[in-house]
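Down below is the structure, laid out as structure tokens.
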Amino acid sequence: MAAPLSRRDLDFMLYEWLDATALIERERYSEHSRETFDSILDLSEDIALKRFAPHNKKADQNEPTMGADGKVEMIAEVGAALDEFSKAGFIAAQFDEEVGGMQLPTVVTRAAMAWFQSANASTSSYPFLTMANANLLVEYGTDEQIDTWVRPMLEGRFFGTMCLSEPQAGSSLADITTKAVPVDDGSYRITGTKMWISGGDHELSENIVHLVLAKAPDGGPGVKGISLFVVPKFLADGTRNDVVLVGLNHKMGNRGTTNTLLNFGEGKYQPTPETGAVGYLVGDVHRGLSYMFRMMNEARIGVGFLATSLGYAGYQQSLEYAKTRTQGRVPTSKDPASAPVPIIEHADVKRMLLAQKSYVEGALALGLYCSKLVDEQQTAPSPEEAARIEFLLDVLTPIAKSWPSQWCLEANSLAIQVLGGYGYTKEFDVEQLYRDNRLNPIHEGTHGIQGLDLLGRKVVMKGGAGLQLLVDAISATIDRAAGVDAAKADALRAAVDRLVEVTGQLWSAGDPAVSLANSSIYLEAAGHVVIAWMWLEQLIAADGAQGDFYDGKRAAAQYFYRYELPRTGPQFDLLADLDRTTLDADPNWF
Numbered sequence: 001m002a003a004p005l006s007r008r009d010l011d012f013m014l015y016e017w018l019d020a021t022a023l024i025e026r027e028r029y030s031e032h033s034r035e036t037f038d039s040i041l042d043l044s045e046d047i048a049l050k051r052f053a054p055h056n057k058k059a060d061q062n063e064p065t066m067g068a069d070g071k072v073e074m075i076a077e078v079g080a081a082l083d084e085f086s087k088a089g090f091i092a093a094q095f096d097e098e099v100g101g102m103q104l105p106t107v108v109t110r111a112a113m114a115w116f117q118s119a120n121a122s123t124s125s126y127p128f129l130t131m132a133n134a135n136l137l138v139e140y141g142t143d144e145q146i147d148t149w150v151r152p153m154l155e156g157r158f159f160g161t162m163c164l165s166e167p168q169a170g171s172s173l174a175d176i177t178t179k180a181v182p183v184d185d186g187s188y189r190i191t192g193t194k195m196w197i198s199g200g201d202h203e204l205s206e207n208i209v210h211l212v213l214a215k216a217p218d219g220g221p222g223v224k225g226i227s228l229f230v231v232p233k234f235l236a237d238g239t240r241n242d243v244v245l246v247g248l249n250h251k252m253g254n255r256g257t258t259n260t261l262l263n264f265g266e267g268k269y270q271p272t273p274e275t276g277a278v279g280y281l282v283g284d285v286h287r288g289l290s291y292m293f294r295m296m297n298e299a300r301i302g303v304g305f306l307a308t309s310l311g312y313a314g315y316q317q318s319l320e321y322a323k324t325r326t327q328g329r330v331p332t333s334k335d336p337a338s339a340p341v342p343i344i345e346h347a348d349v350k351r352m353l354l355a356q357k358s359y360v361e362g363a364l365a366l367g368l369y370c371s372k373l374v375d376e377q378q379t380a381p382s383p384e385e386a387a388r389i390e391f392l393l394d395v396l397t398p399i400a401k402s403w404p405s406q407w408c409l410e411a412n413s414l415a416i417q418v419l420g421g422y423g424y425t426k427e428f429d430v431e432q433l434y435r436d437n438r439l440n441p442i443h444e445g446t447h448g449i450q451g452l453d454l455l456g457r458k459v460v461m462k463g464g465a466g467l468q469l470l471v472d473a474i475s476a477t478i479d480r481a482a483g484v485d486a487a488k489a490d491a492l493r494a495a496v497d498r499l500v501e502v503t504g505q506l507w508s509a510g511d512p513a514v515s516l517a518n519s520s521i522y523l524e525a526a527g528h529v530v531i532a533w534m535w536l537e538q539l540i541a542a543d544g545a546q547g548d549f550y551d552g553k554r555a556a557a558q559y560f561y562r563y564e565l566p567r568t569g570p571q572f573d574l575l576a577d578l579d580r581t582t583l584d585a586d587p588n589w590f
């Protein structure tokens, strides 16, 4: 079976394009080397293929259940794989040495994590959430909270979650009703219900550290009244906290990850005389949502990586199938007695493979580019430079989450199509990859929410400085590409100019409802412009290099510029017209 990722492609992106080894010249990463990075990638590939991939299908077919005792039951291979992952130090890899980490660059650890995500989306989700949880607490928690909760997470003894949504509120966090009441010892008592909590309960670790959004007294209505709390399944002394698993949600994909409905403070495990689960305030009261965005933005880029990894795995499998499956004859061969050809010889199969290649390799480039921005922001020579890089990352985040979730899912659909009738049978993996990936356009903020974020906030922040920062970055690439592929450089410049023009037209309308009515179309068009940028970057890196690998890069870039970037023309036309079709549709018409 084909490997779910291409190590050759990772090496190209990390070393030939992004020059990840240049990071070792910065003090934070000075103890590392190319050999360090390669050893991490080698080890991640080895563990992913030997311990994660073998139970991917089994976990899908034997999803977790809730036993009579209220405990989660799942196949043993999940825990065994996670033990191996933790012992190898992957949870702690990117964290500071002072908290037990290896201080590896984010771009390297994200590349390593892609091996696990492509091999087994469900099992990899547990440490993915744990790392994001720990990152938030390192940023905003107290020394005591870091010692009590973060260090055990980095050792793999505790796992972490994020608890935002509620059954009645969904993504509308202003409407959450979970409450937090302070008590004399400085802690809080949390009461309420949280829904769609991935990894919310299991027996895989000694403890589960929940980060819970709740409303503390005197916060006022809306999101400004929200605070953030650490609410562990077990208190530090081992006492069971009043966090109760109500039930498991049964998903179409990613079935090996528990997805839970949790009650906080229902009285089943009341550890203190006061009613409610014991919670510990993170940072300042009523600033919880701003803190949670630290985890949410990391998770959004992580979801983009997961979508990319699943799309890449499907591409690899359909490519292998197309090379070995013989069927039909090319149009120039009229002899029915001639041998059937591998289906990769057929132009339409090549189209589907090129489409997949352009999506997954473009998305991987964007994810790694954003990851390197994190490293550059952490080690920037000045606060001003750090702020500039962080601002660019903020603008790219909704695209880095949503574009792979949409188009790498399309890659999975094409992988099924390449396999034909075999593609939708359970005997092959591509149908599961599609189901697993279908969750990602919803995870961590739906496609629509990301569109509102991009058009409604990110590109207009600071008087349009967000959009200008993105345009400047793309323009620098266009200037460098003029001598490499002038036609593609000109095509991208025209698309960027149109993006700027249409953004101005949308916001000069004077009616936010009209401006935002087609924000999902804006997100898709802007995303295609950004991926075209990523392909132009790869063409520059591959300039002058010879061989099938580089020719394949050039072919995928050609496909994207000929078949995909032109999609943005009609989309920009629609946006420029300030179309009201969706806005004016009366609910009674449906």
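Note that the sequence shown covers residues 1 to 590 in the UniProt record's numbering. Where is the CB? At the ideal position from N, CA and C, for every residue including glycine.
Closest to residue i by C-alpha separation, out of the options, would be which residue?
| i | options | result |
| --- | --- | --- |
| I344 | Y321, I197, G420 | Y321 |
| Y29 | V107, S338, R8 | V107 |
| G199 | H210, R189, G362 | H210 |
| G504 | T446, H250, D577, T326 | D577 |
| A76 | E98, D69, R51 | R51 |
| I442 | G253, K268, T379, L470 | G253 |
| F90 | S172, A48, S382 | A48 |
| E31 | S171, A81, L164, P105 | P105 |
| R240 | V138, K268, G256 | K268 |
| L248 | D579, A491, E73 | E73 |
| W403 | Y434, A307, N412, D543 | A307 |
| Y369 | N259, M13, D497 | M13 |
| I389 | K401, P398, I399, S371 | S371 |
| V230 | I197, S187, A81 | S187 |
| A557 | G362, I521, E410 | G362 |
| V150 | G170, S165, L129 | L129 |
Could you tell me whether the Cβ atoms of residue i and residue j are closer together than 7 Å?
| i | j | result |
| --- | --- | --- |
| Q270 | D237 | no |
| Q61 | S309 | no |
| P482 | A489 | Sequence check: residue 482 is Ala here, not Pro. Contact: yes. |
| L523 | Q450 | yes |
| I474 | W533 | yes |
| K458 | V395 | yes |
| A114 | A53 | no |
| A26 | T379 | In the sequence under discussion, the amino acid at residue 26 is Arg, which differs from the Ala named in the question. Result yes, Cβ atoms of R26 and T379 sit closer than 7 Å. |
| residue 591 | L492 | The structure shown does not extend to residue 591, since the chain is modelled only from 1 through 590, so no value can be given for it. |
| T326 | P342 | yes |
| I208 | G279 | no |
| M195 | L261 | yes |
| S122 | T257 | yes |
| G314 | L433 | yes |
| A411 | V430 | no |
| L10 | A111 | yes |
| V285 | A216 | yes |
| G100 | L154 | yes |
| V244 | N263 | yes |
Tell me the residue span of the beta strand (DSSP E) that contains residue i.
| i | result |
| --- | --- |
| S519 | Run containing S519: none in the beta strand (DSSP E); it sits in the alpha helix (DSSP H), 519-542. |
| Y280 | 277-281 |
| S358 | No beta strand (DSSP E) contains S358, which is instead part of the alpha helix (DSSP H) from 347-378. |
| G247 | 243-248 |
| S227 | 226-232 |
| N259 | 259-264 |
Along the alpha helix (DSSP H) that carries residue i, what are the first and last residues, could you check?
| i | result |
| --- | --- |
| T324 | 288-324 |
| P404 | 383-419 |
| K462 | 461-481 |
| M113 | 106-119 |
| I442 | First-last for I442: undefined, no H or E at that position. |
| V514 | 512-516 |
| V502 | 486-507 |
| T582 | 581-584 |
| P570 | 568-576 |
What are the residues that DSSP puts in a beta bridge with residue i?
| i | result |
| --- | --- |
| A555 | Answer is none; A555 lacks a bridge partner. |
| P208 | Before going further, note that residue 208 is Ile rather than Pro in the sequence given. According to DSSP, which records beta bridges pairwise, I208 is partnered with F159. |
| P54 | In the DSSP output, where bridge partners are listed per residue, P54 has none listed. |
| T65 | E73 |
| A214 | S227 |
| P342 | T326 |
| R240 | F234 |
Is the CB of residue i under 7 Å away from at least one CB in chain B?
| i | result |
| --- | --- |
| P182 | No chain B appears in the structure shown, which is made up of a single protein chain. |
Hey, would you say the C-beta of residue i is under 6 Å away from at least one heavy atom of the ligand NAD?
| i | result |
| --- | --- |
| E431 | No copy of the ligand NAD occurs in the structure displayed, which carries no ligand at all. |
Of all the alpha helix (DSSP H) runs that stay within the bounds of the segment 129-200, which reach a length of 4 or more residues?
-> As far as the segment 129-200 is concerned, its whole alpha helix (DSSP H) runs of at least 4 residues are 151-154.
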